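Student: Would you mind keeping the following structure in view while I ask a few things?
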Amino acid sequence: MSDIIGIVDYGVAGNIHSIKKAVEKAGGKALIIDHLSHFDKVDKVILPGVGSFKDAMQKLENSNFIEPLKSTTKPILGICLGMQILSTLGFEYGETKGLGLIQAEVKPMLVSAKVPHVGYNTLETSRNSKLLKGLEGVEFYFMHSYEVVNYTDIVALTEYRGHFFVSAIQKNNLYGVQFHPEKSREAGVQLFKNFINL
Amino acid sequence: MSIRIIAKLDIKPPNVVKPVHFEGLRVVGNPSELAKKYYDQGADELLYIDIVSSLYQRDIVYSEIEKVANELFIPFGIGGAVRSVDDFSKLFHIGADKVVINTYAVQEGPDIINRSAEIFGRQAVVVNIEAKKWDTSWECYTDCGRVRSGKDVLDWAKEAEERGAGEILIQSVDADGRNNGFDLELCKAIVDLLDIPVVVASGAGGLEDIKEVIEYAQPSGIAIASLLHYDKFTIQDIKAFLRDNNIEVSK
Numbered sequence: 009m010s011d012i013i014g015i016v017d018y019g020v021a022g023n024i025h026s027i028k029k030a031v032e033k034a035g036g037k038a039l040i041i042d043h044l045s046h047f048d049k050v051d052k053v054i055l056p057g058v059g060s061f062k063d064a065m066q067k068l069e070n071s072n073f074i075e076p077l078k079s080t081t082k083p084i085l086g087i088c089l090g091m092q093i094l095s096t097l098g099f100e101y102g103e104t105k106g107l108g109l110i111q112a113e114v115k116p117m118l119v120s121a122k123v124p125h126v127g128y129n130t131l132e133t134s135r136n137s138k139l140l141k142g143l144e145g146v147e148f149y150f151m152h153s154y155e156v157v158n159y160t161d162i163v164a165l166t167e168y169r170g171h172f173f174v175s176a177i178q179k180n181n182l183y184g185v186q187f188h189p190e191k192s193r194e195a196g197v198q199l200f201k202n203f204i205n206l
Numbered sequence: 016m017s018i019r020i021i022a023k024l025d026i027k028p029p030n031v032v033k034p035v036h037f038e039g040l041r042v043v044g045n046p047s048e049l050a051k052k053y054y055d056q057g058a059d060e061l062l063y064i065d066i067v068s069s070l071y072q073r074d075i076v077y078s079e080i081e082k083v084a085n086e087l088f089i090p091f092g093i094g095g096a097v098r099s100v101d102d103f104s105k106l107f108h109i110g111a112d113k114v115v116i117n118t119y120a121v122q123e124g125p126d127i128i129n130r131s132a133e134i135f136g137r138q139a140v141v142v143n144i145e146a147k148k149w150d151t152s153w154e155c156y157t158d159c160g161r162v163r164s165g166k167d168v169l170d171w172a173k174e175a176e177e178r179g180a181g182e183i184l185i186q187s188v189d190a191d192g193r194n195n196g197f198d199l200e201l202c203k204a205i206v207d208l209l210d211i212p213v214v215v216a217s218g219a220g221g222l223e224d225i226k227e228v229i230e231y232a233q234p235s236g237i238a239i240a241s242l243l244h245y246d247k248f249t250i251q252d253i254k255a256f257l258r259d260n261n262i263e264v265s266k
């Protein structure tokens with residue numbers, strides 16, 4: 009029996025349906041988590057995110073999802089803002105506490121180039137990762153103005169006009185990617201396959 | 016970092032249409048079929064703009080798009096008659112990754128840019144500007160080049176950025192649909208002025224026009240419509256040509 013992949017719907021909508029389609033294309037079973045009780049029904053969790061750090065944390069709190077996300081030992085994959093809010097602190101529209109699962113802060117991208125960083129870019133992996141297996145040098149779609157500042161859990165970096173930022177992290181059961189695998193054609197589907205097969 | 020090649024579908028429900036010089040509309044096909052076609056050709060993004068909804072104060076009809084938006088794994092920008100944060104929400108729900116706003120923001124309520132950026136993040140807020148050239152400046156027009164706004168294009172672009180826009184889509188009322196090249200000075204002025212990405216549209220008549228605007232203005236993306244609609248070139252053709260000219264594009 010294959011794992012059930014839960015996708016957390018905490019009211020920011022956005023790319024939830026395309027993530028579901030991509031997980032299904034990757035051969036996985038997907039369940040939208042829009043109630044607390046759904047966390048027990050899934051084997052792995054995807055935490056999407058479109059919006060601002062502050063708004064996302066508020067909506068997670070309103071949905072009572074903060075506690076189950078903090079306490080679970082199931083693999084969690086945070087995507088874009090979903091990865092950012094795994095951090096301790098965010099600085100988008102004021103200072104906001106994140107889930108605090110990864111020792112990191114989320115700050116505006118420090119680059120002398122156009123921000124948001126939008127478009128296809130590649131990864132340079134810094135250590136082995138089952139999630140990124142076979143995906144080194146492959147292009148993924150990025151769309152963000154903030155970056156995760158972390159030194160201990162980096163799996164991949166990406167270069168944008170001379171500036172290297174964290175594009176993938178992993179710590180125990182926690183995975184995070186700054187890009188959008190659900191918007192990255194076959195490469196993204198492959199990443200979901202890797203997540204399903206962890 | 017590669018330049019984004021974006022397929023732009025102008026919609027008059029239920030069809031994709033091509034405005035000629037922002038005046039007559041020719042039907043060119045079905046939105047979902049064309050979206051699929053350009054996806055298969057390697058488009059980096061798709062833009063759906065309902066170009067009549069604002070003018071006729073109609074709600075946008077996007078059932079067609081919803082069918083394909085979640086099946087194609089590239090970003091979708093959707094726009095047309097966006098007037099409220101609720102409209103943004105609706106469009107994200109049907110599969111938009113970015114929402115394109117124009118008329119309401121420039122003519123009535125620019126504050127919608129601030130509010131939507133705060134909720135959805137600035138990367139999701141695209142401000143579309145239709146520029147009409149006068150002697151020494153450009154004026155913002157709306158509703159397919161029919162309605163004047165009195166606002167200077169560069170002033171408005173800067174204001175939109177300051178309010179929280181994450182990207183500007185710049186169109187030229189004069190060059191659109193004429194296949195006669197981009198308004199190069201307009202494109203360059205906007206790119207140089209802003210710190211956010213700029214996508215240029217309007218005027219690609221051939222591959223050389225695309226190369227010219229990329230080299231001269233260095234936009235972050237380029238939106239193509241008629242060249243693709245009339246099968247003059249495919250997205251593979253455009254990318255291969257740019258690659259041959261040492262311009263970085265995605266695979």
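Each protein sequence line maps, in turn, to chains B and Z.
With this note's numbering as the guide, the letters of the first sequence map in order to residues 9 to 206.
With this note's numbering as the guide, the letters of the second sequence map in order to residues 16 to 266.
Note that the Cβ used here is the ideal one computed from N, Cα and C, for glycine as well.
Since the model is a prediction, treat every value here as computed from it, not as a measurement.
Express the C-alpha separation of Pro90 (chain Z) and Lys281 (chain B) in angstroms, rounding to a whole number.
Tutor: Because chain B in this structure spans residues 9 to 206, residue 281 (chain B) falls outside the shown range and cannot be described.
Student: Starting from Cys155 (chain Z), follow its DSSP beta bridges and name the residues at the other end.
Tutor: According to DSSP, Cys155 (chain Z) bridges with Z:Ala146.
Student: Could you tell me how far apart the beta carbons of Leu139 (chain B) and Tyr183 (chain B) are, in whole angstroms, since I believe they sit closer than 8 angstroms?
Tutor: Correct: roughly 5 angstroms between the Cβ atoms.
Student: Nearest to Gln138 (chain Z) by alpha carbon, out of Z:Arg178, Z:Tyr119, Z:Ala120 and Z:Gly165?
Tutor: Nearest option by C-alpha distance: Z:Arg178.
Student: Using a Cβ-Cβ cut-off of less than 7 angstroms, list which residues of the region 194-228 of chain Z approach chain B; keep chain order.
Tutor: Of all residues in the region 194-228 of chain Z, Asp210, Ile211 and Pro212 have a Cβ within less than 7 angstroms of some Cβ in chain B.
Student: When the Cα atoms are used, what is the spatial distance from Lys27 (chain Z) to Thr81 (chain B)?
Tutor: Near 50 angstroms, if we compare the C-alpha coordinates of Thr81 (chain B) and Lys27 (chain Z).
Student: Is DSSP giving Ile84 (chain B) helix, strand or coil here?
Tutor: Ile84 (chain B): strand per DSSP, three-state reduction.
Student: Residues in its own chain within less than 6 angstroms of Ser265 (chain Z) by CB, not counting five upstream and five downstream?
Tutor: So the list reads Ser17 and Asp59, once near-sequence residues are dropped.
Student: For Tyr18 (chain B), which three-state DSSP category applies?
Tutor: Reduced to three states, the DSSP call for Tyr18 (chain B) is coil.
Student: Could you name the residues of chain Z that Pro56 (chain B) contacts, counting a contact when the two beta carbons are closer than 9 angstroms?
Tutor: Residues of chain Z passing the Cβ test: none, with the nearest at roughly 11 angstroms.
Student: Within the 9 angstroms Cβ cut-off, does Leu89 (chain B) reach chain Z?
Tutor: It does: the Cβ of Leu89 (chain B) has a partner Cβ on chain Z nearer than 9 angstroms.
Student: Short of 6 angstroms in beta carbon distance, which residues of its chain neighbour Gly236 (chain Z), apart from the five on each side in sequence? Order them along the chain.
Tutor: Cβ neighbours of Gly236 (chain Z) beyond the five flanking positions: Arg19, Ile21 and Val214.
Student: Select from Z:Asp25, Z:Asn195 and Z:Ala190 the residue whose C-alpha is nearest the C-alpha of Gly92 (chain Z).
Tutor: It is Z:Asp25 whose Cα lies nearest to the Cα of Gly92 (chain Z).
Student: Mind checking who Ser95 (chain B) pairs with in its DSSP beta bridge?
Tutor: B:Ile110, per the DSSP bridge assignment.
Student: Along the region 110-141 of chain Z, where does the CB come closer than 9 angstroms to a CB of chain B? Name the residues.
Tutor: The region 110-141 of chain Z vs chain B, Cβ under 9 angstroms: Gly110, Ala111, Asp112, Lys113, Ala132, Glu133, Ile134, Phe135, Gly136, Arg137, Gln138 and Ala139.
Student: Cutting at 8 angstroms between CB atoms, please list the residues of its own chain near Tyr231 (chain Z), excluding the five before and the five after it.
Tutor: Hits under 8 angstroms: Leu199, Cys202 and Lys203.
Student: How far does the beta strand (DSSP E) with Gln186 (chain Z) in it reach, from first residue to last?
Tutor: Unbroken beta strand (DSSP E) run through Gln186 (chain Z): Glu182 to Ser187.
Student: Taking all protein chains shown into account, do 16 or more other C-beta atoms lie within 10 angstroms of the C-beta of Gln251 (chain Z), making it buried, or fewer, making it exposed?
Tutor: It counts as exposed.
Student: Beta carbon of Pro34 (chain Z), beta carbon of Asp246 (chain Z): below 9 angstroms?
Tutor: Cβ distance not < 9 angstroms, so Pro34 (chain Z) and Asp246 (chain Z) don't count as in contact.
Student: Taking 9 angstroms as the cut-off, decide whether the C-beta atoms of Ala111 (chain Z) and Ala84 (chain Z) are in contact.
Tutor: Contact: yes.
Student: At 3 residues or longer, and completely inside the region 210-263 of chain Z: list those beta strand (DSSP E) runs for me, N to C.
Tutor: Qualifying beta strand (DSSP E) stretches, in chain order: 213-215 and 236-239.
Student: Does the beta carbon of Met65 (chain B) come closer than 9 angstroms to any beta carbon on chain Z?
Tutor: No, Met65 (chain B) lies away from the interface with chain Z (no Cβ there is under 9 angstroms from its Cβ).
Student: List the residues of chain Z whose Cβ lies closer than 9 angstroms to the Cβ of Glu147 (chain B), in chain order.
Tutor: Those are Ser17, Ser265 and Lys266, listed as they occur along chain Z.
Student: At the level of alpha carbons, what is the spacing between Lys82 (chain Z) and Asp42 (chain B)?
Tutor: Roughly 22 angstroms separates the two Cα atoms.
Student: Residues of chain B with CB closer than 8 angstroms to the CB of Glu9 (chain Z), please, in chain order.
Tutor: Within the shown structure, residues of chain Z are numbered from 16 to 266, placing residue 9 (chain Z) beyond reach of any answer.
Student: Starting from the beta carbon of Ser26 (chain B), find every residue of chain Z whose beta carbon is closer than 9 angstroms, and list them in chain order.
Tutor: Neighbours of Ser26 (chain B) on chain Z, chain order: Ala84, Asn85, Glu86, Leu87, Phe88, Phe91, Gly110 and Asp112.
Student: If you run the structure through DSSP and keep just helix, strand and coil, what is Leu39 (chain B)?
Tutor: The answer is strand: DSSP assigns Leu39 (chain B) an E or B state.
Student: In chain order, what residues of the region 107-133 of chain B put their CB closer than 7 angstroms to some CB of chain Z?
Tutor: Listed by position along the chain: Lys122, Val123, Pro124, Val126, Gly127, Tyr128 and Asn129.
Student: Candidates B:Val58, B:Lys49 and B:Lys105: which alpha carbon is nearest His108 (chain Z)'s?
Tutor: Ranking B:Val58, B:Lys49 and B:Lys105 by Cα distance to His108 (chain Z) puts B:Val58 first.
Student: How big is the Cα-Cα spacing for Ile87 (chain B) and Glu132 (chain B)?
Tutor: Distance between the alpha carbons of Ile87 (chain B) and Glu132 (chain B) is about 18 angstroms.
Student: Since His46 (chain B) and Gly14 (chain B) should fall inside the 8 angstroms C-beta cutoff, what is the C-beta to C-beta distance between them, to a whole number of angstroms?
Tutor: Right, their Cβ atoms sit about 6 angstroms apart.
Student: Taking the Cβ atom as the reference point for each residue, do Ile93 (chain B) and Leu55 (chain B) lie within a distance shorter than 9 angstroms?
Tutor: Their beta carbons are under 9 angstroms apart, which means Ile93 (chain B) touches Leu55 (chain B) by this criterion.
Student: Going by DSSP, what residues sit across from Thr104 (chain B) in a beta bridge?
Tutor: For Thr104 (chain B), which the question treats as bridged, DSSP gives the partners B:Gly98.
Student: Using 9 angstroms as the limit for Cβ to Cβ distance, is Gly14 (chain B) near chain Z?
Tutor: Not closer than 9 angstroms to any Cβ of chain Z, the Cβ of Gly14 (chain B) fails to qualify, so no.
Student: Any beta-carbon of chain Z closer than 9 angstroms to the one on Asn70 (chain B)?
Tutor: Not closer than 9 angstroms to any Cβ of chain Z, the Cβ of Asn70 (chain B) fails to qualify, so no.
Student: Of all the options Z:Gly39, Z:Pro29 and Z:Asn45, which has the alpha carbon lying nearest to the alpha carbon of His244 (chain Z)?
Tutor: The shortest C-alpha separation from His244 (chain Z) is found at Z:Asn45.
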